[in-house]
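Position one of the sequence shown corresponds to residue 1 (UniProt numbering), numbered consecutively onward. Take a look at the structure below.
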Amino acid sequence: MLQGVWSHLRPLLALNDTKRPVGFLITVALAMGMPGLIGAALGQFELGAGASIGGFACLYMRQTPIPQRLLTIAVATFGLCSAYMLGLLLNFSVWSMTLGLGLVSFWATYICRYFSVPAPGSFFFVLVVCIAAALPFDLSSVPERLGFLFLGCFGSMTLALAYSLLQKLRKTPLAQSPIELLEMRLIAVALEAGTIALFVAGSFLLAILLGFEKPYWVPISCAAILQGASFRAVWHRNVHRTVGTFIGFGLTSLLFALEPGPWLLAIAIVLLSFLIEFCVTRNYGLAVIFITPLTIILAEATHTSADVNSVIWQRVFDVILGSAIGFIGGWLLHRPGLYERLEQRIRRCLN
């Protein structure tokens with residue numbers, strides 16, 4: 001019996017031997033943290049934190065030729081800015097925000113799967129629209145917030161170019177081939193994307209109907225778990241997400257117990273970003289520990305009340321609900337027979 005339990009626990013605790021170049025880790029940390037540091041220096045940390053979200057574009061950099069590498073980041077920039085703008089414009093009501101979440105989840109998933117974009121895939125586009133949902137609705141501030149996000153993305157591209165040129169000078173071999181458009185069943189991809197969009201948007205709507213206040217962490221947790229490539233992977237991500245987030249809340253509580261000012265929060269963004277990228281390929285649960293405080297800093301640190309502990313407890317229930325919905329969605333998503341039958345019926349209707 002103990003051996004059976006250990007056989008299930010061992011994959012959750014295992015550290016993979018997948019390593020990322022230190023230069024890449026530093027590039028991502030600077031892309032995420034530099035806007036916050038500049039904002040702290042200018043007394044505008046809130047705007048700097050908004051620009052830090054643009055650092056997510058750097059996460060889509062692959063070991064491809066420089067022109068294609070920069071084109072990939074440019075496309076990611078367009079996607080992040082579009083998702084953020086949609087979130088800022090539609091968070092005036094529950095129904096419009098639910099629609100926005102569904103649209104971003106569907107198209108981000110569809111495009112990423114169509115072009116076989118590796119991890120993080122569509123996740124950060126969903127994360128960005130959720131962060132926008134947590135901000136107060138103010139149409140007059142949309143151009144400013146969107147502009148600073150674009151500056152953050154532009155900074156990411158600049159740092160990615162510098163890192164790429166340094167790699168070229170050092171004659172670092174390309175580890176990956178360029179992205180190729182694979183032959184796949186478009187209807188099947190659309191069905192999977194629609195399922196993910198339904199569960200992500202539905203999780204947000206259900207949380208609102210249950211009386212949760214600004215439950216942006218519910219769709220984030222749901223989307224993170226649905227990234228699993230198999231049902232076993234979904235189960236592992238569910239456990240990692242839940243346990244890692246709870247530990248991350250403890251880390252967040254310790255951080256805010258120090259009553260951090262803008263400079264400390266900006267430095268925390270740099271360190272947390274580095275640790276996330278260092279851990280995420282080794283053990284997802286370890287990465288989630290650091291993702292938790294980073295997300296709270298970017299989404300709530302500049303406009304939440306002084307009682308951060310109450311915010312953390314609200315997010316605990318968000319994670320439980322989002323993880324449960326994501327697990328159900330993952331179970332449905334990884335039933336190939338169901339989707340094959342649906343695909344065949346749709347093909348017959350179209351023909």
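A virtual CB, placed ideally from N, CA and C, is assigned to each residue, including glycine.
Starting from the C-beta of residue i, find all residues in its chain whose C-beta is less than 6 Å away, skip the five residues before and the five after it, and write them out in chain order.
{"i": "residue 315", "result": "217"}
{"i": "residue 333", "result": "195"}
{"i": "residue 262", "result": "40 and 45"}
{"i": "residue 35", "result": "48, 51, 52 and 152"}
{"i": "residue 318", "result": "215, 217 and 218"}
{"i": "residue 54", "result": "149, 152, 153 and 156"}
{"i": "residue 83", "result": "104, 125, 128 and 129"}
{"i": "residue 113", "result": "189"}
{"i": "residue 79", "result": "125"}
Would you identify the three-state DSSP class for residue i, choosing helix, strand or coil?
{"i": "residue 60", "result": "helix"}
{"i": "residue 227", "result": "coil"}
{"i": "residue 305", "result": "Residue confidence is low: residue 305 scores 49 on pLDDT, short of 50, so the model does not pin down where it sits. Its coordinate-derived value is still stated next. Note: residue 305 maps to coil in three-state DSSP."}
{"i": "residue 170", "result": "coil"}
{"i": "residue 212", "result": "coil"}
{"i": "residue 138", "result": "coil"}
{"i": "residue 337", "result": "helix"}
{"i": "residue 48", "result": "helix"}
{"i": "residue 192", "result": "helix"}
{"i": "residue 42", "result": "coil"}
{"i": "residue 259", "result": "coil"}
{"i": "residue 67", "result": "helix"}
{"i": "residue 347", "result": "helix"}
{"i": "residue 20", "result": "coil"}
{"i": "residue 178", "result": "Confidence is the limiting factor: at residue 178 the pLDDT is only 49, short of 50, which leaves the residue's position unreliable, though a coordinate-based value still follows. Of the three classes helix, strand and coil, the one that applies to residue 178 here is coil, per DSSP."}
{"i": "residue 2", "result": "In this predicted model, residue 2 has a pLDDT of only 48, less than 50, meaning its place in the structure is not dependable enough to derive any value."}
{"i": "residue 145", "result": "helix"}
If I measure Cβ to Cβ from residue i and keep anything under 7 Å in the same chain, skipping five residues before and after, which residues do I get?
{"i": "residue 343", "result": "185, 187, 188 and 191"}
{"i": "residue 20", "result": "277 and 281"}
{"i": "residue 312", "result": "249, 252 and 253"}
{"i": "residue 29", "result": "270, 273 and 274"}
{"i": "residue 347", "result": "187"}
{"i": "residue 357", "result": "Limits of the chain in this structure are 1 at one end and 351 at the other, which puts residue 357 out of reach."}
{"i": "residue 59", "result": "28, 120 and 124"}
{"i": "residue 92", "result": "137"}
{"i": "residue 75", "result": "none"}
{"i": "residue 31", "result": "55, 58, 155, 156 and 159"}
{"i": "residue 164", "result": "66 and 69"}
{"i": "residue 322", "result": "203, 217, 218, 219, 220, 221 and 222"}
{"i": "residue 96", "result": "90"}
{"i": "residue 208", "result": "94 and 215"}
{"i": "residue 145", "result": "50 and 88"}
Go through its chain and collect everything with a Cβ distance to residue i's Cβ below 8 Å, but skip five positions before and after it.
{"i": "residue 77", "result": "54, 57, 150, 153, 154, 156 and 157"}
{"i": "residue 244", "result": "284, 285, 286, 287, 288, 289, 291 and 292"}
{"i": "residue 320", "result": "242"}
{"i": "residue 226", "result": "196, 199, 200, 234, 326, 329, 330 and 333"}
{"i": "residue 335", "result": "none"}
{"i": "residue 86", "result": "100, 103, 104, 129 and 132"}
{"i": "residue 118", "result": "62"}
{"i": "residue 341", "result": "none"}
{"i": "residue 142", "result": "85, 88 and 89"}
{"i": "residue 193", "result": "105, 106, 107, 109, 110 and 113"}
{"i": "residue 267", "result": "33 and 37"}
{"i": "residue 258", "result": "264"}
{"i": "residue 23", "result": "163, 166 and 167"}
- Task: Could you say if the stretch 247-264 and the stretch 289-299 meet the contact criterion of at least three C-beta pairs nearer than 8 Å?
- Result: yes
- Unbroken stretches of the beta strand (DSSP E), 3 residues or longer, contained in the stretch 72-132: none
- Would you call the stretch 61-72 and the stretch 38-49 touching, i.e. three or more CB-CB distances under 8 Å? Short answer: they don't touch.
- So does the stretch 96-110 actually touch the stretch 148-155, counting three or more Cβ pairs closer than 8 Å? no
- Task: Within the stretch 264-326, note down every full alpha helix (DSSP H) run reaching 4 residues or more, in order along the chain.
- Result: 284-300
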